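Each remark here refers to the structure printed beneath this line.
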Amino acid sequence: MLKSTTQLLLALASLSTTTIAQPLPNANITASLDSLCSQMPGMPGCTLRTTCSSSPSSIPQEYCTSFSLLADICAADMPNMSDCLSYQSVCKNSTTSSQCTGPSLSPIPSLPSTAQTTRQISSICTEMDMDGCDRCTIRPNATYAECDLLGTYSHLCKAMPGMRQCAEWKQLCSITPSLSFCSINSASDPVEMRMYFHTGIRDYILFFSWVPQNTAQYIGAVIGSILLGIVYEAFQVANLTLQRRREKVLITSDPATGISQTISVSSTSAVGKRSSRSSLPTTSSSSENLTPSQPTITPVNPAKSNSYHLISALIRGLSRIISATLAYLMMLVVMTYNVGLCIAIVVGLGIGSAVCGEVGRILAERDMVKEKVEESDLALCC
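Reading the sequence shown from the start, the letters are residues -21 to -1, 1 to 361 in mature numbering (1 follows the signal peptide of the UniProt record, and there is no 0).
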(Lines of atoms letter the chains of each structure in order from A and count residues from 1; the text may use other names and numbers.)
(Lines give C-alpha, C1' and ligand atoms only; values in the text may rest on other atoms or scores of the structure.)
Protein backbone atom coordinates (compact mmCIF):
# COMPACT_ATOMS: atom_id res chain seq x y z
CA MET A 1 0.00 0.00 0.00
CA LEU A 2 2.84 2.38 0.87
CA LYS A 3 4.50 1.72 -2.49
CA SER A 4 1.30 2.48 -4.38
CA THR A 5 0.85 5.72 -2.46
CA THR A 6 4.40 6.82 -3.31
CA GLN A 7 3.88 6.14 -7.02
CA LEU A 8 0.64 8.10 -6.95
CA LEU A 9 2.34 11.09 -5.36
CA LEU A 10 5.13 11.03 -7.96
CA ALA A 11 2.59 10.92 -10.77
CA LEU A 12 0.72 13.88 -9.31
CA ALA A 13 3.97 15.84 -8.98
CA SER A 14 4.85 15.09 -12.58
CA LEU A 15 1.39 16.19 -13.72
CA SER A 16 1.74 19.37 -11.70
CA THR A 17 5.10 20.15 -13.35
CA THR A 18 3.64 19.55 -16.79
CA THR A 19 0.81 21.94 -16.22
CA ILE A 20 3.20 24.64 -15.06
CA ALA A 21 5.19 24.55 -18.32
CA GLN A 22 2.68 26.32 -20.52
CA PRO A 23 3.50 27.03 -24.19
CA LEU A 24 4.85 30.49 -24.91
CA PRO A 25 2.48 32.74 -26.86
CA ASN A 26 3.80 33.95 -30.22
CA ALA A 27 3.58 37.53 -29.02
CA ASN A 28 5.92 36.73 -26.12
CA ILE A 29 8.36 34.95 -28.46
CA THR A 30 8.47 37.91 -30.83
CA ALA A 31 8.88 40.36 -27.96
CA SER A 32 11.77 38.32 -26.56
CA LEU A 33 13.50 38.21 -29.96
CA ASP A 34 13.05 41.94 -30.45
CA SER A 35 14.53 42.69 -27.06
CA LEU A 36 17.45 40.27 -27.41
CA CYS A 37 18.43 41.47 -30.88
CA SER A 38 18.17 45.12 -29.91
CA GLN A 39 20.62 44.51 -27.06
CA MET A 40 23.10 42.33 -28.98
CA PRO A 41 22.35 42.44 -32.72
CA GLY A 42 25.59 40.67 -33.61
CA MET A 43 24.54 37.34 -32.09
CA PRO A 44 24.37 34.48 -34.64
CA GLY A 45 20.70 33.93 -33.81
CA CYS A 46 19.91 37.53 -34.69
CA THR A 47 21.81 37.19 -37.97
CA LEU A 48 19.68 34.16 -38.80
CA ARG A 49 16.53 36.10 -37.99
CA THR A 50 17.54 38.94 -40.31
CA THR A 51 18.44 36.49 -43.08
CA CYS A 52 15.13 34.67 -42.73
CA SER A 53 13.34 37.98 -43.23
CA SER A 54 15.43 39.27 -46.14
CA SER A 55 16.14 36.00 -47.96
CA PRO A 56 13.87 33.17 -46.76
CA SER A 57 15.14 30.70 -49.38
CA SER A 58 18.70 30.87 -48.05
CA ILE A 59 17.80 29.06 -44.82
CA PRO A 60 15.62 25.95 -44.43
CA GLN A 61 12.09 26.99 -43.44
CA GLU A 62 12.01 24.91 -40.27
CA TYR A 63 14.82 27.05 -38.85
CA CYS A 64 13.06 30.34 -39.63
CA THR A 65 10.17 29.90 -37.20
CA SER A 66 10.13 32.35 -34.30
CA PHE A 67 10.52 29.64 -31.68
CA SER A 68 13.49 28.04 -33.47
CA LEU A 69 15.18 31.44 -33.72
CA LEU A 70 14.58 32.04 -30.02
CA ALA A 71 16.08 28.63 -29.33
CA ASP A 72 19.20 29.57 -31.33
CA ILE A 73 19.86 32.30 -28.77
CA CYS A 74 18.49 30.89 -25.54
CA ALA A 75 19.26 27.18 -25.77
CA ALA A 76 23.06 27.33 -25.74
CA ASP A 77 24.31 30.80 -26.71
CA MET A 78 22.92 33.25 -24.14
CA PRO A 79 20.69 31.22 -21.76
CA ASN A 80 21.21 33.60 -18.85
CA MET A 81 19.90 36.74 -20.53
CA SER A 82 16.73 38.05 -18.89
CA ASP A 83 14.69 37.71 -22.08
CA CYS A 84 15.55 34.01 -22.21
CA LEU A 85 14.00 33.23 -18.81
CA SER A 86 10.58 32.50 -20.32
CA TYR A 87 12.18 30.09 -22.79
CA GLN A 88 14.17 28.41 -20.03
CA SER A 89 11.06 28.00 -17.89
CA VAL A 90 9.37 26.10 -20.70
CA CYS A 91 12.25 24.23 -22.30
CA LYS A 92 14.84 23.69 -19.59
CA ASN A 93 13.47 20.18 -19.44
CA SER A 94 12.29 19.67 -23.02
CA THR A 95 10.09 16.71 -22.06
CA THR A 96 7.70 19.02 -20.22
CA SER A 97 6.46 20.87 -23.32
CA SER A 98 5.76 19.77 -26.86
CA GLN A 99 6.64 23.31 -27.94
CA CYS A 100 10.35 22.60 -27.41
CA THR A 101 10.63 19.55 -29.66
CA GLY A 102 10.14 19.03 -33.35
CA PRO A 103 11.89 20.10 -36.58
CA SER A 104 10.56 23.66 -36.52
CA LEU A 105 11.06 24.18 -32.79
CA SER A 106 14.69 23.22 -32.24
CA PRO A 107 17.78 25.39 -32.80
CA ILE A 108 20.07 24.85 -35.77
CA PRO A 109 22.43 22.01 -34.83
CA SER A 110 26.01 23.03 -33.98
CA LEU A 111 25.38 26.75 -34.48
CA PRO A 112 28.53 28.56 -33.22
CA SER A 113 27.94 30.73 -30.19
CA THR A 114 28.60 34.45 -29.99
CA ALA A 115 31.77 33.92 -27.96
CA GLN A 116 33.06 31.25 -30.36
CA THR A 117 32.56 33.33 -33.50
CA THR A 118 34.09 36.41 -31.86
CA ARG A 119 37.13 34.47 -30.72
CA GLN A 120 37.69 32.76 -34.07
CA ILE A 121 37.30 35.97 -36.11
CA SER A 122 39.82 37.68 -33.86
CA SER A 123 42.25 34.78 -34.22
CA ILE A 124 41.96 34.64 -38.02
CA CYS A 125 42.37 38.37 -38.53
CA THR A 126 45.29 38.53 -36.10
CA GLU A 127 47.17 35.91 -38.12
CA MET A 128 46.44 37.44 -41.54
CA ASP A 129 44.66 40.49 -42.90
CA MET A 130 42.02 38.81 -45.05
CA ASP A 131 39.22 40.28 -47.09
CA GLY A 132 36.34 40.55 -44.62
CA CYS A 133 38.36 41.37 -41.52
CA ASP A 134 37.32 44.99 -41.88
CA ARG A 135 33.71 43.96 -41.19
CA CYS A 136 34.39 43.47 -37.49
CA THR A 137 36.55 45.45 -35.09
CA ILE A 138 37.22 43.18 -32.12
CA ARG A 139 39.12 44.16 -29.00
CA PRO A 140 41.67 41.72 -27.56
CA ASN A 141 40.07 38.96 -25.46
CA ALA A 142 36.57 40.23 -26.30
CA THR A 143 33.62 37.82 -26.35
CA TYR A 144 31.30 40.05 -28.37
CA ALA A 145 31.49 42.73 -31.07
CA GLU A 146 28.85 44.97 -32.61
CA CYS A 147 28.98 43.40 -36.07
CA ASP A 148 27.58 40.51 -38.07
CA LEU A 149 29.59 37.79 -36.34
CA LEU A 150 28.14 34.75 -38.11
CA GLY A 151 28.27 36.43 -41.54
CA THR A 152 31.86 37.54 -41.06
CA TYR A 153 32.96 34.18 -39.70
CA SER A 154 31.42 32.29 -42.61
CA HIS A 155 32.88 34.79 -45.11
CA LEU A 156 36.39 34.19 -43.81
CA CYS A 157 35.99 30.42 -43.71
CA LYS A 158 34.56 30.30 -47.23
CA ALA A 159 37.75 31.96 -48.45
CA MET A 160 40.09 29.62 -46.56
CA PRO A 161 38.15 26.61 -45.23
CA GLY A 162 41.34 24.81 -44.28
CA MET A 163 42.12 27.16 -41.39
CA ARG A 164 42.05 25.57 -37.94
CA GLN A 165 39.74 28.33 -36.70
CA CYS A 166 36.99 27.12 -39.05
CA ALA A 167 36.29 23.86 -37.22
CA GLU A 168 32.96 25.12 -35.83
CA TRP A 169 31.93 26.41 -39.27
CA LYS A 170 32.72 23.04 -40.84
CA GLN A 171 30.69 21.27 -38.17
CA LEU A 172 27.71 23.56 -38.80
CA CYS A 173 27.89 23.10 -42.57
CA SER A 174 28.36 19.34 -42.41
CA ILE A 175 25.01 19.03 -40.62
CA THR A 176 23.08 21.74 -42.50
CA PRO A 177 24.87 22.28 -45.84
CA SER A 178 21.89 24.09 -47.36
CA LEU A 179 22.56 27.20 -45.27
CA SER A 180 23.62 30.24 -47.28
CA PHE A 181 26.46 30.64 -44.79
CA CYS A 182 27.94 27.39 -46.11
CA SER A 183 27.48 27.38 -49.89
CA ILE A 184 29.62 29.32 -52.37
CA ASN A 185 27.41 29.98 -55.36
CA SER A 186 27.15 33.70 -56.00
CA ALA A 187 29.30 36.65 -57.00
CA SER A 188 28.96 38.10 -53.51
CA ASP A 189 30.64 35.09 -51.93
CA PRO A 190 34.41 35.27 -51.41
CA VAL A 191 36.76 33.43 -53.72
CA GLU A 192 38.19 30.35 -52.07
CA MET A 193 41.97 30.58 -51.86
CA ARG A 194 43.30 27.12 -52.69
CA MET A 195 47.07 26.73 -52.52
CA TYR A 196 47.10 23.57 -54.65
CA PHE A 197 46.35 22.70 -58.27
CA HIS A 198 42.62 22.70 -58.86
CA THR A 199 39.99 23.11 -61.52
CA GLY A 200 37.06 25.49 -61.50
CA ILE A 201 36.12 28.95 -62.65
CA ARG A 202 36.20 31.36 -59.69
CA ASP A 203 39.71 32.58 -58.91
CA TYR A 204 41.33 35.95 -58.41
CA ILE A 205 43.33 36.78 -61.57
CA LEU A 206 45.86 39.56 -60.93
CA PHE A 207 43.22 42.02 -59.69
CA PHE A 208 40.55 41.94 -56.97
CA SER A 209 37.82 42.71 -59.50
CA TRP A 210 38.94 40.10 -62.06
CA VAL A 211 37.06 36.99 -60.93
CA PRO A 212 35.38 34.89 -63.65
CA GLN A 213 31.79 34.12 -62.67
CA ASN A 214 30.76 31.98 -65.64
CA THR A 215 32.20 29.86 -68.44
CA ALA A 216 32.37 32.72 -70.96
CA GLN A 217 34.36 34.91 -68.56
CA TYR A 218 36.69 32.02 -67.76
CA ILE A 219 37.33 31.40 -71.48
CA GLY A 220 38.19 35.08 -71.79
CA ALA A 221 40.69 34.72 -68.93
CA VAL A 222 42.27 31.70 -70.64
CA ILE A 223 42.62 33.60 -73.92
CA GLY A 224 44.12 36.55 -72.03
CA SER A 225 46.67 34.24 -70.38
CA ILE A 226 47.65 32.79 -73.76
CA LEU A 227 48.12 36.28 -75.19
CA LEU A 228 50.25 37.24 -72.18
CA GLY A 229 52.64 34.37 -72.95
CA ILE A 230 52.78 35.31 -76.64
CA VAL A 231 53.46 38.99 -75.84
CA TYR A 232 56.29 37.99 -73.49
CA GLU A 233 58.01 35.89 -76.16
CA ALA A 234 57.45 38.58 -78.82
CA PHE A 235 59.05 41.17 -76.57
CA GLN A 236 62.03 38.89 -75.92
CA VAL A 237 62.62 38.44 -79.66
CA ALA A 238 62.22 42.17 -80.32
CA ASN A 239 64.64 42.98 -77.51
CA LEU A 240 67.26 40.56 -78.87
CA THR A 241 66.90 41.98 -82.38
CA LEU A 242 67.36 45.55 -81.17
CA GLN A 243 70.32 44.53 -79.01
CA ARG A 244 72.00 42.82 -81.96
CA ARG A 245 71.59 45.88 -84.16
CA ARG A 246 72.76 48.16 -81.37
CA GLU A 247 75.90 46.06 -80.95
CA LYS A 248 76.53 46.30 -84.69
CA VAL A 249 76.50 50.08 -84.42
CA LEU A 250 78.82 49.97 -81.41
CA ILE A 251 81.30 47.79 -83.31
CA THR A 252 81.76 50.54 -85.90
CA SER A 253 82.42 53.14 -83.22
CA ASP A 254 85.36 53.58 -80.86
CA PRO A 255 84.09 55.45 -77.78
CA ALA A 256 87.62 55.91 -76.42
CA THR A 257 88.79 58.01 -79.35
CA GLY A 258 85.49 59.41 -80.52
CA ILE A 259 86.23 58.06 -84.02
CA SER A 260 83.46 56.45 -86.00
CA GLN A 261 84.19 54.17 -88.95
CA THR A 262 81.67 54.86 -91.71
CA ILE A 263 81.26 53.10 -95.01
CA SER A 264 80.01 54.98 -98.06
CA VAL A 265 78.34 52.62 -100.48
CA SER A 266 76.83 53.63 -103.84
CA SER A 267 73.78 51.63 -104.79
CA THR A 268 73.35 52.89 -108.32
CA SER A 269 75.22 50.49 -110.59
CA ALA A 270 78.53 48.86 -111.24
CA VAL A 271 79.28 51.61 -113.73
CA GLY A 272 78.75 54.17 -111.01
CA LYS A 273 81.00 52.18 -108.74
CA ARG A 274 83.72 52.06 -111.37
CA SER A 275 83.27 55.77 -111.97
CA SER A 276 83.73 56.35 -108.30
CA ARG A 277 86.93 54.38 -108.38
CA SER A 278 88.20 56.23 -111.42
CA SER A 279 87.46 59.57 -109.83
CA LEU A 280 89.62 58.83 -106.79
CA PRO A 281 92.95 60.68 -106.55
CA THR A 282 95.92 58.73 -107.91
CA THR A 283 98.57 60.13 -105.62
CA SER A 284 100.65 57.71 -103.68
CA SER A 285 99.32 58.97 -100.35
CA SER A 286 95.74 58.37 -101.44
CA SER A 287 96.60 54.90 -102.65
CA GLU A 288 98.16 54.05 -99.32
CA ASN A 289 95.23 55.32 -97.23
CA LEU A 290 92.44 53.79 -99.29
CA THR A 291 93.21 50.10 -99.32
CA PRO A 292 90.42 47.55 -99.82
CA SER A 293 90.76 46.36 -96.22
CA GLN A 294 90.30 49.79 -94.61
CA PRO A 295 87.06 51.82 -94.62
CA THR A 296 87.01 55.57 -94.54
CA ILE A 297 87.63 56.96 -91.05
CA THR A 298 85.62 60.02 -90.12
CA PRO A 299 85.97 61.80 -86.75
CA VAL A 300 82.76 62.37 -84.80
CA ASN A 301 81.82 64.48 -81.80
CA PRO A 302 82.60 62.60 -78.52
CA ALA A 303 79.57 64.21 -76.85
CA LYS A 304 77.34 62.71 -79.54
CA SER A 305 78.86 59.29 -78.92
CA ASN A 306 78.28 59.61 -75.16
CA SER A 307 74.65 60.61 -75.63
CA TYR A 308 74.15 57.57 -77.84
CA HIS A 309 75.52 55.31 -75.11
CA LEU A 310 73.27 57.01 -72.54
CA ILE A 311 70.18 56.52 -74.68
CA SER A 312 71.16 52.90 -75.28
CA ALA A 313 71.51 52.32 -71.54
CA LEU A 314 68.10 53.87 -70.86
CA ILE A 315 66.47 51.74 -73.55
CA ARG A 316 68.17 48.64 -72.15
CA GLY A 317 66.94 49.42 -68.63
CA LEU A 318 63.39 50.12 -69.83
CA SER A 319 63.27 46.88 -71.78
CA ARG A 320 64.43 45.01 -68.69
CA ILE A 321 61.62 46.59 -66.64
CA ILE A 322 59.01 45.58 -69.21
CA SER A 323 60.41 42.06 -69.49
CA ALA A 324 60.44 41.56 -65.71
CA THR A 325 56.90 42.95 -65.40
CA LEU A 326 55.54 40.53 -68.00
CA ALA A 327 57.40 37.64 -66.35
CA TYR A 328 55.99 38.44 -62.90
CA LEU A 329 52.48 38.80 -64.30
CA MET A 330 52.74 35.30 -65.74
CA MET A 331 54.08 34.01 -62.44
CA LEU A 332 51.12 35.50 -60.55
CA VAL A 333 48.66 33.88 -62.97
CA VAL A 334 50.35 30.51 -62.46
CA MET A 335 50.21 31.04 -58.68
CA THR A 336 46.41 30.90 -58.82
CA TYR A 337 47.03 27.13 -59.13
CA ASN A 338 44.15 27.02 -61.59
CA VAL A 339 44.97 24.19 -64.00
CA GLY A 340 43.36 25.86 -67.01
CA LEU A 341 45.17 29.15 -66.50
CA CYS A 342 48.52 27.44 -65.91
CA ILE A 343 48.15 25.47 -69.14
CA ALA A 344 47.15 28.68 -70.97
CA ILE A 345 50.36 30.43 -69.90
CA VAL A 346 52.51 27.50 -71.03
CA VAL A 347 50.66 27.25 -74.35
CA GLY A 348 51.09 30.99 -74.90
CA LEU A 349 54.84 30.72 -74.30
CA GLY A 350 55.04 27.82 -76.73
CA ILE A 351 53.11 29.63 -79.46
CA GLY A 352 55.10 32.80 -78.92
CA SER A 353 58.42 30.96 -79.04
CA ALA A 354 57.48 29.14 -82.24
CA VAL A 355 56.05 32.12 -84.13
CA CYS A 356 58.11 35.01 -82.80
CA GLY A 357 61.29 32.93 -82.73
CA GLU A 358 60.85 32.21 -86.43
CA VAL A 359 60.32 35.91 -87.12
CA GLY A 360 63.49 36.68 -85.17
CA ARG A 361 65.42 34.11 -87.20
CA ILE A 362 64.22 35.67 -90.48
CA LEU A 363 65.25 39.13 -89.30
CA ALA A 364 68.68 37.84 -88.25
CA GLU A 365 69.21 36.23 -91.66
CA ARG A 366 68.22 39.46 -93.40
CA ASP A 367 70.73 41.38 -91.30
CA MET A 368 73.45 38.88 -92.23
CA VAL A 369 72.60 39.15 -95.92
CA LYS A 370 72.65 42.93 -95.66
CA GLU A 371 76.10 42.81 -94.04
CA LYS A 372 77.44 40.57 -96.80
CA VAL A 373 76.03 42.89 -99.47
CA GLU A 374 77.70 45.85 -97.78
CA GLU A 375 81.01 43.99 -97.65
CA SER A 376 80.68 43.09 -101.33
CA ASP A 377 79.85 46.68 -102.26
CA LEU A 378 82.82 47.84 -100.22
CA ALA A 379 85.11 45.53 -102.15
CA LEU A 380 83.76 46.82 -105.47
CA CYS A 381 83.95 50.49 -104.63
CA CYS A 382 87.26 50.48 -102.77
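Here a beta-carbon is modelled for each residue, glycine too, at the ideal position from N, C-alpha and C.
None of these values were measured; they are calculated from a predicted model.
Within the same chain, Cβ atoms closer than 7 Å to the Cβ of G339 are found at V216, L219 and T220, the five residues on either side in sequence being excluded. The continuous stretches of alpha helix (DSSP H) do not include P58, and DSSP gives it neither H nor E.
Taking the Cα positions, I52 is about 38 Å away from N193. At a Cβ-Cβ threshold of 8 Å, I184 and T315 count as neighbours. Here the alpha carbon of Q40 sits roughly 57 Å from the alpha carbon of I301. Taking a C-beta distance under 8 Å as the contact criterion, T131 and C115 qualify as a contact pair.
By the C-beta criterion, the stretch 133 to 145 is judged to be in contact with the stretch 97 to 104, since at least 3 inter-stretch pairs fall below 8 Å.
For H177, there is no enclosing alpha helix (DSSP H), as DSSP gives it neither H nor E.
Within 10 angstroms of the beta-carbon of G199 lie fewer than 16 other beta-carbons, which makes it exposed. Minimum Cα-Cα distance from M22 among the listed residues V348, M57, L3 and G331 corresponds to M57. The beta carbon of S157 lies closer than 7 Å to those of P39 in the same chain, with the five residues before and after it left out. Residue pairing by DSSP places N7 in no beta bridge whatsoever. In summary, T30 is buried, with 16 or more beta-carbon neighbours lying within 10 Å of its beta-carbon over all protein chains present. Taking C-beta separations shorter than 6 Å and ignoring five residues to either side along the sequence, the partners of N317 in its chain run D182, following chain order.
In this model, V334 and A303 are separated by some 21 Å (Cα to Cα). DSSP places N285 within a helical segment (H, G or I) once states are collapsed to three.
Annotated three-state conformation of N218 is helix, per DSSP. Per DSSP, the continuous alpha helix (DSSP H) segment holding R98 begins and ends at T93 to E106. In the DSSP assignment, R28 falls within the alpha helix (DSSP H) that extends over P23 to S33. A direct Cα-to-Cα measurement between V210 and R223 gives close to 20 Å. Where Y316 is concerned, there is no enclosing alpha helix (DSSP H), because DSSP gives it neither an H nor an E. When only Cα atoms are considered, C321 and S133 end up about 29 Å apart.
For I184, the secondary structure class from DSSP, reduced to helix, strand or coil, is strand.
Looking only at A306, N59, F187 and P86, the smallest Cα-Cα distance to S45 is reached by P86.
As the crow flies, the alpha-carbon of G329 is around 9 Å from that of I205. For the 8 Å CB-CB criterion, E212 and S298 do not form a contact.
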